[in-house]
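See structure below.
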Amino acid sequence: MTQEASGVAKITRVQNDVNLPSDRLRVRLKEMNALGLVEYGAKLTSTQKGRAFMAEYQKVVSILQQFGLL
Numbered sequence: 397m398t399q400e401a402s403g404v405a406k407i408t409r410v411q412n413d414v415n416l417p418s419d420r421l422r423v424r425l426k427e428m429n430a431l432g433l434v435e436y437g438a439k440l441t442s443t444q445k446g447r448a449f450m451a452e453y454q455k456v457v458s459i460l461q462q463f464g465l466l
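Residue numbers for the sequence shown follow the working numbering, so the first one is 397 and each next one is one higher.
See below:
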């Protein structure tokens, strides 16, 4: 099972994928944790709220693409 499918990822993998220095990434992860979108510890875990947010976000991106705005 991939990290995306399981909803669990290693912090270093995420850091490499988003191309952010670790100090800036950790600030963003703490913000997302405070919002209840992720659980942030030794590993990064998406919450139900976080997965629901991503589903809605993908819908918005799709609509923007249809109108040529992305």
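Note that CB positions come from ideal geometry on N, CA and C, so glycine has one too.
Check                                                                                                                                                               : Outcome
Between Tyr436 and Leu425, how many whole angstroms is the CB-CB distance? I'm expecting something under 8 angstroms.                                               : 5 angstroms
On the premise that Leu440 lies in contact with Val414, defined as a C-beta separation below 8 angstroms, what is that separation, rounded to the nearest angstrom? : At roughly 11 angstroms, the Cβ-Cβ gap does not stay under 8 angstroms, so Val414 and Leu440 are not in contact.
Where does Leu433 land, buried or exposed, given buried means 16+ other C-beta within 10 angstroms?                                                                 : buried
Whole angstroms are fine: how far does the CA of Ile459 sit from the CA of Glu452?                                                                                  : 11 angstroms
Could you say which of Asp419, Ala430, Gly446, Leu466 lies nearest to Val404 if we only look at CA atoms?                                                           : Gly446
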